[in-house]
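Protein sequences, first through last, are from chains A and B.
For the first sequence, our numbering assigns the number 358 to the initial residue and increments by one for each residue that follows.
For the second sequence, our numbering assigns the number 358 to the initial residue and increments by one for each residue that follows.
Heads up: the structure comes next, in structure tokens.
Protein chains: 2
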Amino acid sequence: MSERPLLTQLIDALRCLPGVGPKSAQRIAFHLLERDREGGVRLAHVMADAMTRIRRCNHCRTLTEQDLCALCANPNRDGQVLCVVEQPSEILAIEQATDFRGRYFVLGGRLSPLDGIGPRELGLDQLDERLEGRAVREIILAISPTVEGSATAHLIAESAARYGVNLTRIAHGVPLGGELESIDGGTLALAFKGRQQV
Amino acid sequence: MSERPLLTQLIDALRCLPGVGPKSAQRIAFHLLERDREGGVRLAHVMADAMTRIRRCNHCRTLTEQDLCALCANPNRDGQVLCVVEQPSEILAIEQATDFRGRYFVLGGRLSPLDGIGPRELGLDQLDERLEGRAVREIILAISPTVEGSATAHLIAESAARYGVNLTRIAHGVPLGGELESIDGGTLALAFKGRQQV
């Protein structure tokens, strides 16, 4: 294995990147070797560091190398409002687009008992503990309205009711600039159901 | 700098990859962290190794971590036929598509005196030495027929004439399946000039 030319090894290793096939892997390898070795060295070090040190935040389960992620450690965020998302990447999207100033809770997936993903795997026991502590006033569900997503939302709704926490979910509907004829039926149905007084 | 979250550092560092903007960098980072840490670790190590150890082959100037690249070290390749290319990546393309069994010489660019790229930078002195040794019977030019490429080819032609080496160049013309109406004029003109008896 280590006898193979290092260039071939690099091209092969680059194929772990999403959407990178043999041709793109070659292109990336030559680009780094011929034009940006410095960037390549920096990326290699940060990547090795990130792969070994990044784990889940103790509090919200997002990805971080600290015990508490930057958002959970930030005293200026309102811990009484908790936005529940499926993936850590969704936190970035919400932070970039909205002025939400509360905190987050990351499920890390959707209920899927057949795949061994139950309430425990989604950290719902951890979420329960937080609700039990009476520190949360509102939960905002930012979960996709699929079958599994709805089942997950249902479990969270039960907990919220048990501890008297207000539960909301983000609006689903036609995106800005979306053409009605190209929107899927489920979204369009939700948009009609969720129509608001003008 | 090192105070920034490691995830942010990883996303930033990924932007050195060609064609990767902020969104793709996020997507790659989350993919590696959530689905393929093992691949990420392997890639990080190979990349660090490649960036520091890969340099130019002493003989043909392609990229390798050895003194001599695998092709130059292979005793079964015919050293009497030398294919001159601009970039190391072109060797891979030729090896994958043709049954060429000779050796290569990599210029690493095209003559461009204004950018400080003269004959020396392209290794033409090194090529001359090889021709002087009378070890080469034929040079095949696989250089793009741009202005700079033609100037480079002209210099090589002078050397070849001086040492009595046969000089050929690969055919330029309409690619297989190429539609005449969508081919650029330069290529079409070359295709007519280079027409062959049927």
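Cβ atoms here follow ideal geometry from the backbone N, Cα and C, with glycine treated the same way.
{"Check": "Cα-Cα separation, B:G376 to B:E447", "Outcome": "20 angstroms"}
{"Check": "CA nearest to the CA of A:P379, picked from A:H388, A:D369, A:R412", "Outcome": "A:D369"}
{"Check": "Length-filtered (4 minimum) alpha helix (DSSP H) runs lying within the stretch 421–469 of chain B", "Outcome": "427–430, 445–454"}
{"Check": "Backbone secondary structure at B:A528 - three-state DSSP", "Outcome": "coil"}
{"Check": "Short CB-CB distance (under 8 angstroms) between A:M358 and chain B", "Outcome": "Reliability of the predicted coordinates at A:M358 is poor, the pLDDT of 43 falling under 50, and the value obtained from them is presented with this limitation in mind. Judged by the 8 angstroms Cβ criterion, A:M358 is not in contact with chain B."}
{"Check": "Assigned exposure category for B:M358 - 16 Cβ within 10 Å defines buried", "Outcome": "Confidence is the limiting factor: at B:M358 the pLDDT is only 43, short of 50, which leaves the residue's position unreliable and the question unanswerable from this model."}
{"Check": "Beta carbon of A:V493 nearer than 8 angstroms to that of A:V522", "Outcome": "yes"}
{"Check": "Rounded separation between A:G465 and A:R418 - CA only", "Outcome": "8 angstroms"}
{"Check": "Residues near A:F559 by beta carbon distance below 7 angstroms, same chain, minus five either side", "Outcome": "This structure leaves residue 559 of chain A out entirely; chain A is present only between 358 and 555."}
{"Check": "Three-way DSSP call (helix, strand, coil) for B:L498 in this model", "Outcome": "strand"}
{"Check": "Integer Cβ distance of B:Q553 from B:E495, believed to fall under 8 angstroms", "Outcome": "Rounded, the Cβ-Cβ distance is 20 angstroms, inconsistent with contact."}
{"Check": "Against chain B: residues of the stretch 422–446 of chain A by CB proximity under 9 angstroms", "Outcome": "E422, Q423, C426, A427, Q444, P445, S446"}
{"Check": "Burial state of B:V463 (16 or more Cβ within 10 Å)", "Outcome": "buried"}
{"Check": "8 angstroms contact criterion, which A:A405 and B:A401 should meet: CB distance rounded", "Outcome": "4 angstroms"}
{"Check": "8 angstroms Cβ cut-off: residues of chain A touching B:Q483", "Outcome": "By Cβ distance, chain A contributes nothing, its closest Cβ being about 18 angstroms from B:Q483, past 8 angstroms."}
{"Check": "Helix, strand or coil at A:I513 according to DSSP, with G and I counted as helix", "Outcome": "helix"}
{"Check": "Coil, strand or helix - A:R413 by DSSP", "Outcome": "strand"}
{"Check": "Beta-carbon neighbours of B:V403, restricted to chain A and to distances below 9 angstroms", "Outcome": "L363, Q366, L367, D369, A370, L371, A401"}
{"Check": "Buried or exposed (CB count within 10 angstroms, at least 16 for buried), B:H416", "Outcome": "buried"}
{"Check": "The alpha helix (DSSP H) enclosing A:I368, as first and last residue numbers", "Outcome": "363–371"}
{"Check": "Chain A contact residues for B:V398, given Cβ-Cβ distances below 9 angstroms", "Outcome": "M404, A405, M408, T409"}
{"Check": "A:P432 beta carbon less than 8 angstroms from that of B:T421", "Outcome": "no"}
{"Check": "Host alpha helix (DSSP H) of A:L547 (start-end)", "Outcome": "542–550"}
{"Check": "Spatial neighbours of B:L547 in its chain, beta-carbon cut-off 8 angstroms, leaving aside the 5 residues before and after", "Outcome": "P502, H529, G530"}
{"Check": "Inter-residue spacing [alpha-carbon to alpha-carbon] between B:R467 and B:A499", "Outcome": "12 angstroms"}
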